[in-house]
Amino acid sequence: MTKQQVFVTGAFPEDGQAYRDLTAKYDVIRYKFTSREQLLQAFKTTLKNISGMYAHFGSLYAIGGFNRELLENAPPNLKIIAIPQIGYDEYDLEGMAKKGIMLTNLPTPLAAEAVADLVLYHAILSFRNFKIFDKYTNTKGLTTGQVRAELNTGSFDLESGLLVPSKLAPAARKNYDVSVIISGRSNTLPRGHHAVIVGFGSIGKVAGQRLSAIGMNIHYVKNTKLDPEVEASLGYKVTYHQSIKDTVDFADLIIIACPGNAQTKHMINDELITSMKKQIRIVNVGRGFVVDENALVRGLQSGKVIFAGLDVYEEEPRIHPGLIGREDVVLTPHCASSTVDLLDYALDVCFNNINEVLTESNGYINKVV
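Here the numbering used here is used: the first residue of the sequence shown is 1094, the next is one more, and so on.
What follows is the structure, given as C-alpha cells:
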C-alpha cells in the first residue's frame, strides 16, 4: 500500500521518537526552499502529492506567508499544515477553510515563557546599559577601574549610537568612579518604572509577570479590558488602556507583543515617539511591521528613544542597516522561543496532529481553522 506523503520543512534533530514514528508511517519529504517561486514550482512537481505539511518556525513567513497564490496552487490532497508556534498571521485562514486545509498551532506556556525571558533580558539591559559595560570590559584590555573611568568621561554619539571614549590618558582618569552614569546615560533600576505591554495574550501576561517581579508597574493595551476575575488571577497588579496613545505621559518601556494586522502596522511611528513625555525604551517580540523602523532609527538618533531591543523586523529577514552596530540597540535573529524544551514538545504535538488528521482519528489539538 502506498504511504501518504508528508512535507517537512526546516532543520531540527531527527533522532526524536515523534519524527521516527512519522517516517515509519509516512513517506516524509524533506525539501528546502528559499523563495515563493521555488515552493510554487515544487507544489507542481516534487510536492504535488503531499497530504500533510509541517511548516517549521517561520519557514513560510520568510517567503511572504501562505496566502492566496500558494493556496491556489496547493497540492489537491493537502489536508493539514501544522506549525510549532502561536502566531499565524502569515496564513490565509479564510482561504484555507474554503479549501479544506486545517491549520494547527502551538499555544503552549513553554513558548510564552521563552519569549518572556527575552523581554526581561531586554528590559534589564535597557535600564542598566550592560551591553556597553560588557563591550568595553571585554575589548579594551583595561582594569575594571579604568573601564569605569573611560565610560564615565566619554560621550555618546546619538547619530552612530556609539560611545566616544575619553581622550584622557588612563593615568589621568578617576579609577574610583562607580559608573552610575556612563557618558551621560544613567544606570537606573527598572523598579518603579512603567512598562506598557501592547498585546496581552499568553506572552504578554507572562512578560508582565517577569517585569512585575523586578518591581515595574505593569500596564497593558488591548482592544478589550480583561474581566476582573482574569486580572485578579494574574498574581500582579495591572492597569488597562485601550490605546497606546493613552500611555504617552508616563511610559518608560514599551513591549510589543501583539499580532500583526492592518490596525497594528506602524503603531510605533514618528508621531507616537515624539509624543512621549519621557525618553522611551522599545522592545519588539511581536511582529516586525508593528514598528516603523525608519521612525525608530530617527528616534534613536534624536535621543527620544534611549534603547531598542528587537527580535522581529519590519522587512524580515532583512535587518534595517540603521539599527546594526549601535550600542543602544540589542538585536536577536527571531530566536525568542528557540529552546530545546519547546522544540521537543512542538515536534511531538505537530507530528501527532498530522497523523491524527491523515488517519481521520480526530485526536488533534490546537485547531485554528
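The C-beta atom is built at its ideal place from N, Cα and C for all residues, glycine as well. Source: prediction; values computed, not measured.
For D1345, the number of other beta carbons within 10 angstroms of its own is at least 16, and it is reported as buried.
T1127 and K1460 do not touch by the CB rule: their CB atoms are close to 30 Å apart, not below 8 Å.
In terms of CA proximity to I1274, G1247 leads the group Y1313, V1323, G1247 and S1152. Rounded to whole angstroms, the gap between the alpha carbons of K1172 and Q1097 is 11 Å. DSSP lists H1312 as the beta-bridge partner residues of T1332. In the structure shown, the three-state DSSP call for G1402 is strand. Under the DSSP definition of a beta bridge, K1096 lacks any partner. G1151 and V1341 have their C-alpha atoms roughly 33 Å apart.
By the CB criterion at 7 Å, I1296 and V1208 fall inside the cutoff. Residue pairing from DSSP leaves D1385 without any beta-bridge partner. Pairwise C-beta distances place the segment 1384-1393 out of contact with the segment 1325-1337, as fewer than three of them are shorter than 8 Å. It is roughly 17 Å from the alpha-carbon of Y1119 to the alpha-carbon of P1168. Remark: C-beta atoms of L1203 and Y1406 do not approach each other more closely than 7 Å. Non-local C-beta neighbours of N1362 in its own chain, meaning closer than 6 Å and more than five positions away in sequence, comprise D1385 and A1388, ordered along the chain. With contact defined as three or more Cβ pairs closer than 8 Å, the segment 1284-1291 and the segment 1299-1318 are in contact. Here the alpha carbon of R1161 sits roughly 14 Å from the alpha carbon of L1132. Per DSSP, the continuous beta strand (DSSP E) segment holding F1249 begins and ends at S1248 to D1250.
Contact annotation: D1182 and P1352 have beta-carbon atoms nearer than 7 Å. Restricted to the segment 1119-1161, the alpha helix (DSSP H) segments that are unbroken, complete and at least 4 residues in length are 1129-1137, listed in chain order. K1460 is bridged by DSSP to T1197. By the neighbour-count criterion, in which a residue is buried when 16 or more other Cβ atoms sit within 10 angstroms of its Cβ, D1434 is exposed.
By the Cβ rule, the segment 1106-1113 does not count as touching the segment 1138-1146, because fewer than three pairs are nearer than 8 Å. Looking at the backbone, the Cα of H1413 and that of M1094 are separated by about 52 Å. For H1287, the enclosing beta strand (DSSP E) has its first and last residue at H1287 to V1291. Under the three-state reduction of DSSP, A1175 is assigned to strand.
A straight line joining the alpha-carbon of T1357 with that of Q1394 spans about 24 Å. With contacts defined as CB atoms closer than 7 Å, L1244 and S1272 qualify as a contacting pair. Straight-line measurement puts the Cα of V1376 at about 15 Å from the Cα of R1419. A distance below 7 Å between beta-carbons, with the five flanking residues on each side excluded, links G1456 to the following residues of its chain, in chain order: E1449. For I1447 against A1175, the beta-carbon gap comes to about 5 Å, under 8 Å, which counts as contact.
Of the candidates S1454, A1429 and D1441, A1429 places its Cα closest to the Cα of E1206. Closest in alpha carbon position to F1400, among K1371, F1382, S1305 and G1381, is K1371.
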